[in-house]
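Asks: Numbering (our numbering), first residue to last: 26 to 64. The beta carbon of each residue, even a glycine, is placed where N, CA and C say it ideally should be.
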């Protein structure tokens, strides 16, 4: 759920050009593959 909200926050409004949109995500090595593999 959180990863989808991050994506919507980045690309859902102004194509990611809003100054408050996230540029990167900090995560643990264990969770990174799950975060990258989105449906």
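#1: Could you spell out the range, first to last residue, of the alpha helix (DSSP H) harbouring residue 59?
#2: Report the three-state DSSP secondary structure of residue 31 (helix, strand or coil).
#3: Which residue from 60, 34 and 58 puts its Cα closest to that of residue 45?
Replies: The short version:
#1: Here residue 59 corresponds to residue number 34 of the chain shown, with the count starting at 1. It spans 57-61 - the alpha helix (DSSP H) in which residue 59 sits, taken as one unbroken run.
#2: If you number the chain shown from 1, residue 31 lands on position 6. Helix.
#3: Here residue 45 is taken as the residue at index 20 of the chain shown, counted from 1. For residue 45, the nearest C-alpha among the options comes from 34.
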